[in-house]
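Presented below is the structure to which this report refers.
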Amino acid sequence: MKDKRLQIYCTSTFFMHVFRMQKELSSEGELSRNIFSLFRHSKVNVEAGSSEILRKTIPPEIFLAYPTIGLHPNKEDFALIEKGEPSFFLQRISSSSLFFLDSEEEKCVLLEQRFGIVCVSLHKFHKARFLFSWHLESIFRGNNIFDWGFLKRYQHPHNALLISDNYLFSELTRPKSGPNAVSERIQNDIIPIVDALLPTYLNEEIFQLTIIFVQDIEEAKEKNESTRIGIRDNRPQQALEEIAKAIERALQNLRRKRSLPKQIELSLVKRFSNVNRSETHDRHILTNYMWINSGYGFALGSVKKDFNTTIKAFPISYLNHKFKGYGSADLDEDTEMIVWKQYCELLNVFKNVQMERRIVIPRNAQQNRLIPKSV
Numbered sequence: 005m006k007d008k009r010l011q012i013y014c015t016s017t018f019f020m021h022v023f024r025m026q027k028e029l030s031s032e033g034e035l036s037r038n039i040f041s042l043f044r045h046s047k048v049n050v051e052a053g054s055s056e057i058l059r060k061t062i063p064p065e066i067f068l069a070y071p072t073i074g075l076h077p078n079k080e081d082f083a084l085i086e087k088g089e090p091s092f093f094l095q096r097i098s099s100s101s102l103f104f105l106d107s108e109e110e111k112c113v114l115l116e117q118r119f120g121i122v123c124v125s126l127h128k129f130h131k132a133r134f135l136f137s138w139h140l141e142s143i144f145r146g147n148n149i150f151d152w153g154f155l156k157r158y159q160h161p162h163n164a165l166l167i168s169d170n171y172l173f174s175e176l177t178r179p180k181s182g183p184n185a186v187s188e189r190i191q192n193d194i195i196p197i198v199d200a201l202l203p204t205y206l207n208e209e210i211f212q213l214t215i216i217f218v219q220d221i222e223e224a225k226e227k228n229e230s231t232r233i234g235i236r237d238n239r240p241q242q243a244l245e246e247i248a249k250a251i252e253r254a255l256q257n258l259r260r261k262r263s264l265p266k267q268i269e270l271s272l273v274k275r276f277s278n279v280n281r282s283e284t285h286d287r288h289i290l291t292n293y294m295w296i297n298s299g300y301g302f303a304l305g306s307v308k309k310d311f312n313t314t315i316k317a318f319p320i321s322y323l324n325h326k327f328k329g330y331g332s333a334d335l336d337e338d339t340e341m342i343v344w345k346q347y348c349e350l351l352n353v354f355k356n357v358q359m360e361r362r363i364v365i366p367r368n369a370q371q372n373r374l375i376p377k378s379v
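Take any residue in the sequence shown, count from 1 to its spot, add 4: that is its number in the numbering used here.
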C-alpha cells in the first residue's frame, strides 16, 4: 500500500462540526473527540479547490494547533461523490475509504447500499460510534450448541470479505472424514458467518468472498508421489471445485431466506502444504472496515469436542489509548491506530499468499479487492 494512512472524505461542514463539538461534555462530544483524533492520523480529503482555498475554509488556528494534520483539497472527487458517480466508487477509492458528509441521511444510506461503503451523515452522527467500538466474545462449549449469531452485531456496509484459516477445509475431503464433512462445515460455519456479516444490500459493486486455507498433508503426499511416477493428479483441483460448488449451492439457499448483495463472487485459495503455514496460522476475517480474530478457528460450529476460546472484533479505525498505569493522574490524549497497522500487515501477508504456488477456484478468479495489488 503506497499511502498507508486511512483515506477519508469529509466535507468542511462536517469537519468543523467535529472540531467544535470536542469541547462538549456529552456523548456527542466524546464521539467528536474520537473522530477528530482519527482525522489527525489519516489522509482527509476536503471539498476545496486548492490549498489556498482550504486554508480559508478551515480556521488557521486548527493548522497552528495541529501542523501535521493531513487535510488535502479535493474538489473534483467531491463533485463525483455528490453525483454518486459509479466509476469513482468502483475504481478510484481505496477499499477502506470512509465518508463523512453533511448530506441527508437518505443519500448516505443510498451510497452505502449501492457501493458497500461506510458513509456517516451529520443527521445520524451517532453511526460513527461503530468506528471506535470493539468486542471480545468469550466462548465456552460444553453441552451447548455453538451459534455464530453474535457476529450480527458487527454487520456493517462493506463489499469484500476474506476468511483465512489454515485448517478450515483441510482433511475434509479424506474418506476418514465421512461423506458429509464438507457439507457440515459449510452449513455449521461458513453460511452462518456469511449470514451474520454480509450486508443486506449491495446493488452496484460485486461482493467478493475469498476463503484461504492450507492443503491437507496426505493430499500433498499423494500428489507428489503421482508427480514422481509421471501421473497427472487432478484430485486436489477437483476436491477444491467440489467445495466451491457446495458453497455456491448453500449461498443460493441462503438467498431464498434473506436479502444478499446482488452478485457474490466466490473464490477459494488452497495453499500448498509445504508453504510457510505460520504466515496464516492465526485465523482472521477481514472486511473493508473490520478485523475479526479467532484463536480456535472458524470451524467452531463443526467441532464435536468441548473447548473454550475468544473471538476479538475491531473496526480498522479503532484508536488505542496508551495505558498510563494505576494511580496515574496524567490524561494521555495521544492515540495510535494499532488495529489499522495490524490490518495493513495482514493484507500484505495475503498479498504474498497470492504470489505463491497454490490452487485457486475459479482459475481466473479476481484478486480480492482488499488485498493490495503487486507492483
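Here a beta-carbon is modelled for each residue, glycine too, at the ideal position from N, C-alpha and C.
Query: L213, buried or exposed, once every other Cβ within 10 Å from all chains shown has been counted against 16; Result: buried
Query: Strand pairing of T339, partner residues [DSSP]; Result: H325
Query: DSSP beta-bridge partners of Y13; Result: N49, F103
Query: Residue interval of the beta strand (DSSP E) (run including R189); Result: No beta strand (DSSP E) holds R189; the alpha helix (DSSP H) holding it covers 185-189.
Query: C-beta contact flag for I121 and P161 at 7 Å; Result: yes
Query: Nearest neighbour of F262, chosen from I342, P203, N368, N207 [CA to CA]; Result: A small correction: the amino acid at residue 262 is Arg; Phe does not occupy that position in the sequence shown. The residue with the shortest Cα to Cα distance from R262 is P203.
Query: Ranges of the beta strand (DSSP E) found wholly within the region 264-320, counting only runs of at least 3; Result: 268-275, 287-291, 294-298, 311-319
Query: The region 130-148 in contact with the region 33-45 per 3-pair CB rule at 8 Å; Result: yes
Query: Strand pairing of P141, partner residues [DSSP]; Result: It is worth fixing the name first, because residue 141 is Glu in this sequence and not Pro. Answer is I315, bridged to E141.
Query: Span of the alpha helix (DSSP H), counted from its first residue to its last, around A248; Result: 239-259
Query: Continuous alpha helix (DSSP H) stretch holding F119: start and end; Result: 109-119
Query: Helix, strand or coil at I235 according to DSSP, with G and I counted as helix; Result: coil
Query: Element boundaries [beta strand (DSSP E), containing F217]; Result: 211-218
Query: Cβ pair E109, H127 closer than 7 Å; Result: yes
Query: Beta-carbon proximity of V186 to A250, cut-off 7 Å; Result: yes
Query: Cβ separation of L206 and K266, assumed to be a contact under 8 Å, to the nearest whole Å; Result: 6 Å
Query: Cβ pair V124, I216 closer than 7 Å; Result: no
Query: Where S174 sits in the DSSP three-state scheme; Result: coil
Query: First through last residue of the beta strand (DSSP E) which encompasses I39; Result: Careful: I39 lies outside any beta strand (DSSP E), inside the alpha helix (DSSP H) at 31-44.
Query: Distance between beta carbons of V218 and V279, contact taken as under 8 Å; Result: 7 Å
Query: Whole-number beta carbon distance between I268 and F354, since they are thought to touch under 8 Å; Result: About 19 Å; that fails the 8 Å criterion.
Query: G146 to Q191 span [Cα, whole Å]; Result: 20 Å
Query: Extent of the continuous alpha helix (DSSP H) run through A69; Result: 64-69
Query: Residue nearest to H21 in terms of C-alpha spacing, selected from I62, E56, L58, I57; Result: I62
Query: Beta-carbon gap between I12 and L102 smaller than 7 Å; Result: yes
Query: Integer-rounded CB distance, given that L270 should sit under 8 Å from A248; Result: 6 Å
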